[in-house]
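Engineer: After the structure tokens below, expect a handful of questions from me.
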Amino acid sequence: MKKRAKKTILALLLILGGVGFLILKGISDTGVYYRTVAEILSDNDLPQQRGVRVSGNVMPGSIEYDQQNLLLRFMVRDMKEADKTLRVSYRGVRPDAFREEAEVILEGRFDRTNRTFRAETLLAKCPSKYESEVAKR
Amino acid sequence: MNMVLLGNLSLAAAFAASLLAMMLLLTGLMRNDLRCIESGRRFLAGVAVFTSMAALALSRLFMTDAFQVEYVASYSDRALPLFYKATSFWAGQKGSLLFWAWVLSLYIALVTWNTRRETRQKNTPYIYLVLAAILGFFLLLLNTVSSPFTLLSFTPPDGQGLNPMLQNPGMIFHPPTLFLGYIGFTIPFAYAVAAMISGRLDPGWLRKTRRWNILSWIFLTIGIILGGQWAYVELGWGGFWAWDPVENASFIPWLVSTAFIHTAIIQERRNIMRVWNMALIVLTFLTCIFGTYLVRSGVLQSVHDFGATGLGGFFLVFLLVTGIGSTILIAESYSQLRTRHSLESLLSRESTFLFNNVILLAIAFSTLFGTVFPLISEMVTGRKLTVGEPFFNQVNTPLFLLLLLLTGLCPLIGWRRASADNLKKNFLFPATLAIAGAMVLFGTGVREFYPLAAFSLALFVSATILGEFAAGARARKRLTGENLLVALPRVLWKLRRRYGGYVVHFGMVLMVIGITGATAFKQEKEATLQRGEAMTIGDYRLRYTDFRSFQDRNRTVYAATLDVTRQGRPAGRMTTERRYYINAEQPTTEVSLRISAREDLYLTMPTIGSNNEITIRAAINPLLVWGWVGGGLMVLGGIMAIIPSRRRRPTP
């Protein structure tokens with residue numbers, strides 16, 4: 009093989025290696041595990057150093073919102089096991105779609121001592137209208 | 041006439057015509073019968089007539105509030121303004137699909153017209169055949185699982201209305217422009233496949249599809265920018281890009297096609313990288329289809345999700361067939377495609393193109409990887425590990441900076457092989473400027489590496505582009521004796537293909553500046569205010585002065601007014617709203633924006649309390665306006681590059 013072709017290939021390999029490294033590092037730095045509410049409650053070796061994503065339904069009657077201080081507290085229920093519930097606190101604005109029974113996706117850390125999930129992000133999904141809804145009516 | 045009947049019949053006729061075209065073309069190819077091929081061409085062109093009729097029927101149904109049609113009932117209601125009724129056409133999956141097929145058939149009709157005197161050529165019938173097959177696929181879906189003309193068993197008194205978030209001009213044109221781009225790449229793909237099947241592997245196919253490529257790229261660019269703009273002014277979370285799966289689905293083909301457009305230049309000039317280009321155009325088309333698949337299949341959760349629709353399987357099969365078929369074709373023609381002479385030097389313009397390609401593809405790959413990563417990790421480890429915005433930012437930022445560096449290096453390095461002398465001379469000015477700029481920024485307090493690198497690279501690239509403009513003007517001055525100010529626009533116009541490219545690059549530089557400003561130096565603050573209270577953010581003080589509510593067409597509006605002062609001086613008044621649409625469960629927030637060259641002040645009102653105390657979310661996005669300007673320049677440069685030079689009569 010010619011020398012210059014070798015040099016080009018070497019440079020390309022270097023780039024590809026760099027990209028591979030970036031991707032792997034990106035995953036280990038920013039990857040977030042999905043957990044169900046039940047898993048968070050029972051799993052004792054939950055990764056503490058990194059965030060966890062959890063989804064569940066907002067329990068009726070559990071919503072407390074302090075608009076002045078932008079502090080939202082509520083309970084979420086496991087989407088399958090209805091007796092597993094988790095206390096959540098979130099500092100920020102209450103989203104529009106956030107209401108009783110709404111499905112929420114939380115990202116944050118579980119504070120084991122207070123048994124409270126401290127959410128850093130909160131995404132609420134309203135049961136939006138799908139095409140099937142019309143058909144069912 | 042009954043529009044539902046017309047729609048159904050037209051769709052069936054369109055499908056039949058595409059099938060007939062395929063059969064005629066195949067027969068013509070087998071028997072080597074030009075008459076057969078010619079009638080195949082005509083049937084293929086004729087599909088456009090039927091799809092146009094179907095499109096007309098659907099818009100007519102929207103206009104007349106025909107709520108017995110399921111699709112109309114799902115996306116429109118009586119109170120919807122006429123403009124939005126017309127554009128609800130593509131608000132859902134079925135209409136989008138009809139739009140796809142319609143536009144594709146129009147594009148195809150144009151191709152059949154442009155090639156009407158070339159049917160004798162070996163590759164032309166194959167181009168038609170590939171196009172007919174792809175069009176046929178979409179028409180098959182429209183006739184079976186995804187017909188927009190399906191009726192409900194009853195007629196609801198009113199429709200469900202269009203999602204209020206989609207009632208925004210940016211959102212109206214965002215999907216169709218993206219589609220125009222996605223669909224456009226079908227044409228070069230068909231040319232490429234036809235070239236491989238027929239064995240006519242000269243760069244002719246590249247030259248003939250250059251405008252299609254760039255035009256589709258322009259549409260993709262516009263679509264992506266409009267999407268970002270929509271997210272920014274309508275969604276109200278203060279950002280413009282969230283690396284959402286569907287955004288990624290439009291970004292990946294953009295990256296791959298950008299790579300392709302660059303190496304296509306190399307093949308045209310030097311007739312190398314032929315295998316590479318074949319692979320890239322195939323990849324562009326596949327990622328376009330994959331993007332559509334991601335949106336339509338519901339495999340990934342996204343704000344754009346249309347819910348699982350059962351279309352996924354069809355797209356997956358189509359994707360697999362096209363992917364495997366193209367791979368086999370490339371493998372078979374590999375021996376004819378590969379070129380003996382390759383890159384001559386690591387330090388040549390060609391190799392900067394190659395590296396630009398590798399980096400663009402790397403960004404595309406990491407974006408794709410991050411998008412489908414939750415699926416992969418669940419399959420491999422059984423645990424759902426997911427990545428989001430931080431992942432994409434962390435991985436792609438260094439790659440983008442590298443790309444920016446190459447954008448600046450490329451014009452400085454000569455074709456084939458650059459000499460050290462030539463390099464020193466060309467580098468001096470841009471490099472000095474970049475270093476000086478970095479030092480000034482460092483002195484004024486910008487200490488983080490990425491913003492520092494981004495801004496100084498932006499300077500570097502701008503300087504090289506400026507250098508190219510100046511060199512062009514000077515060369516023309518020498519040649520014609522014109523004044524520099526006259527020579528510059530003339531040389532830009534004369535060599536618009538080349539300078540259009542530089543305008544695109546400069547647009548990208550501005551975009552980098554805007555994005556860097558708005559991400560690295562963003563300020564955000566949330567506060568709840570009673571009337572008369574104020575909050576501060578950056579140099580601004582916002583005092584809540586007025587609240588009112590009123591009824592407006594199909595919505596109730598609550599509006600809060602804030603007096604703004606900047607550094608103690610009055611800076612006008614801003615009003616932000618919450619709107620409750622009669623047909624929607626959720627209110628929408630209306631963003632209030634104060635745009636300046638320096639920074640955007642961005643206000644939304646996410647909550648209104650019982651005593652009209654309001655929660656205000658304020659953000660300052662420095663330099664963001666330059667990002668939009670840059671986006672505009674990218675589009676402009678693209679258009680510049682495809683304006684045809686003097687009309688030539690086609691040789692009969």
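Chains as they are written, first to last, in the working numbering: chain A, 9 to 145; chain B, 41 to 692.
Where a beta carbon is used, it is the ideal one built from N, C-alpha and C, also for glycine.
Remember, it's a predicted structure, so these values are computed and weren't measured experimentally.
For ALA282/B, which three-state DSSP category applies?
Structural biologist: If DSSP states are grouped into helix, strand and coil, ALA282/B belongs with coil.
Engineer: Could you give the DSSP three-state label for SER685/B: helix, strand or coil?
Structural biologist: Correct three-state label for SER685/B: coil.
Engineer: What residues of chain B sit near ASP104/A, judged by a beta carbon separation below 7 angstroms?
Structural biologist: Within 7 angstroms Cβ-Cβ: GLN626 and PRO627.
Engineer: Could you pull the start and end residues of the beta strand (DSSP E) that TYR272/B belongs to?
Structural biologist: No beta strand (DSSP E) holds TYR272/B; DSSP gives it neither H nor E.
Engineer: Would you list the residues sitting across from LEU359/B in a DSSP beta bridge?
Structural biologist: According to DSSP, which records beta bridges pairwise, LEU359/B is partnered with nothing at all.
Engineer: Just tell me which of THR104/B, PHE129/B and VAL109/B has its CA closest to the CA of ALA119/B.
Structural biologist: If we check each option's Cα against that of ALA119/B, THR104/B comes out closest.
Engineer: Could you please give the first and the last residue of the uninterrupted alpha helix (DSSP H) stretch that includes ASP461/B?
Structural biologist: 460-483 is the extent of the alpha helix (DSSP H) around ASP461/B.
Engineer: Cβ closer than 8 angstroms: which chain B residues qualify as neighbours of ILE146/A?
Structural biologist: The question about residue 146/A has no answer here: the residues shown for chain A are numbered 9 through 145.
Engineer: What residues from the stretch 17-49 of chain A come within 7 angstroms of chain B, judged by C-beta to C-beta, listed N to C?
Structural biologist: So the list reads ALA19, LEU20, ILE23, VAL27, LEU30, ILE31, GLY34, ILE35, ASP37, THR38, GLY39, VAL40, TYR41 and TYR42, given in the order they occur along the chain.
Engineer: Can you find the residues in the same chain that come closer than 7 angstroms, C-beta to C-beta, to LEU326/B, ignoring five residues on each side of it along the sequence?
Structural biologist: Result list for LEU326/B: LEU359, THR362 and GLY363, in chain order.
Engineer: What does the Cβ neighbour count give for PHE346/B, buried or exposed, with the cut at 16 atoms within 10 Å?
Structural biologist: In this predicted model, PHE346/B has a pLDDT of only 44, less than 50, meaning its place in the structure is not dependable; the value taken from the coordinates is given anyway. It is buried - the Cβ of PHE346/B has at least 16 other Cβ atoms within 10 Å.
Engineer: With a cut-off of 7 angstroms, does the C-beta of GLN434/B fall near any C-beta of chain A?
Structural biologist: Closer than 7 angstroms: yes.
Engineer: Looking at the unbroken alpha helix (DSSP H) that takes in THR437/B, where does it start and where does it end?
Structural biologist: It spans 429-449 - the alpha helix (DSSP H) in which THR437/B sits, taken as one unbroken run.
Engineer: My output table needs one value for PHE125/A: the three-state DSSP class, helix, strand or coil.
Structural biologist: Reduced to three states, the DSSP call for PHE125/A is strand.
Engineer: May I have the straight-line CA-CA distance separating TYR490/B from GLY477/B, to the nearest angstrom?
Structural biologist: Using only the alpha carbons, I get a separation of about 14 angstroms.
Engineer: Nearest CA to the CA of ALA600/B: which residue from LEU569/B, MET479/B and LEU387/B?
Structural biologist: For the residues LEU569/B, MET479/B and LEU387/B, the minimum Cα distance to ALA600/B belongs to LEU569/B.
Engineer: Using 8 angstroms for Cβ pairs, my map puts PHE495/B next to ILE553/B. What's the rounded Cβ distance?
Structural biologist: So it is a contact: roughly 7 angstroms between Cβ atoms.
Engineer: Suppose contacts are defined by Cβ-Cβ distances below 7 angstroms. Is ILE414/B in contact with LEU334/B by that definition?
Structural biologist: Here residue 414/B is Pro; the residue named in the question, Ile, does not match the sequence. The answer is no: Cβ separation not under 7 angstroms.
Engineer: Can you confirm whether LEU79/A, when its beta carbon is compared against all beta carbons of chain B, has any partner nearer than 7 angstroms?
Structural biologist: Not an interface residue.
Engineer: Pull the bridge partners of SER589/B from the DSSP assignment, please.
Structural biologist: TYR598/B, per the DSSP bridge assignment.
Engineer: When you compare the CB of GLU630/B with every CB in chain A, is at least one pair closer than 7 angstroms?
Structural biologist: Cβ-Cβ to chain A under 7 angstroms: no for GLU630/B.
Engineer: Using the Cβ count rule (16 or more neighbours within 10 Å means buried), how would you classify ALA348/B?
Structural biologist: Bear in mind that a pLDDT of 48 at ALA348/B, under 50, signals an unreliable position, so the model cannot answer this.
Engineer: Does LYS15/A have its Cβ less than 7 angstroms from a Cβ in chain B?
Structural biologist: Closer than 7 angstroms to some Cβ of chain B, the Cβ of LYS15/A qualifies, so yes.
Engineer: So, is GLN269/B buried or exposed, given that buried needs 16 or more other C-beta atoms within 10 angstroms?
Structural biologist: That one is buried.
Engineer: Taking DSSP's pairing of strands, which residues face ASP119/A in a bridge?
Structural biologist: Its beta-bridge partners are THR124/A.
Engineer: Tell me, which residues are paired with LEU643/B by DSSP?
Structural biologist: Partner(s): SER632/B and ALA658/B.
Engineer: When you compare the stretch 447-461 of chain B with the stretch 60-69 of chain A, are there three or more beta-carbon pairs, one atom per stretch, that lie closer than 8 angstroms?
Structural biologist: With a cut-off of 8 angstroms, the stretch 60-69 of chain A and the stretch 447-461 of chain B do not count as touching, because too few Cβ pairs lie within range.
Engineer: Check the Cβ-Cβ distances between VAL101/A and every residue of chain B, and say whether any is below 7 angstroms.
Structural biologist: By this cut-off, VAL101/A is an interface position.
Engineer: Quick one: complete alpha helix (DSSP H) runs, 4+ long, within the stretch 286-323 of chain B?
Structural biologist: Complete alpha helix (DSSP H) runs here, min 4: none at all.
Engineer: What does the alpha-carbon distance come out to for the pair MET83/A and VAL233/B?
Structural biologist: Computed Cα separation, rounded: 57 angstroms.
Engineer: Let me know the secondary structure DSSP gives ILE71/A once reduced to three states.
Structural biologist: Note: ILE71/A maps to coil in three-state DSSP.
Engineer: Taking contact to mean 3 or more Cβ pairs, one atom from each stretch, closer than 8 angstroms, check whether the stretch 71-86 of chain B and the stretch 107-121 of chain A are in contact.
Structural biologist: Contact between the stretch 71-86 of chain B and the stretch 107-121 of chain A is absent, because fewer than three Cβ pairs lie under 8 angstroms.
Engineer: Would the beta-carbon of LEU441/B fall within 7 angstroms of that of ASN396/B?
Structural biologist: Cβ distance not < 7 angstroms, so LEU441/B and ASN396/B don't count as in contact.
Engineer: Report the neighbours of ARG61/A on chain B: residues whose CB is nearer than 7 angstroms to its CB, in chain order.
Structural biologist: Per Cβ cutoff of 7 angstroms: THR426.
Engineer: Tell me the rounded alpha-carbon separation between TYR355/B and THR367/B.
Structural biologist: One detail in the question is off: residue 355/B reads as Phe in this sequence, not Tyr. Whole-angstrom Cα-Cα distance: 18 angstroms.
Engineer: Under the DSSP definition of a beta bridge, which residues are partnered with MET83/A?
Structural biologist: Bridge partners of MET83/A: ARG95/A.
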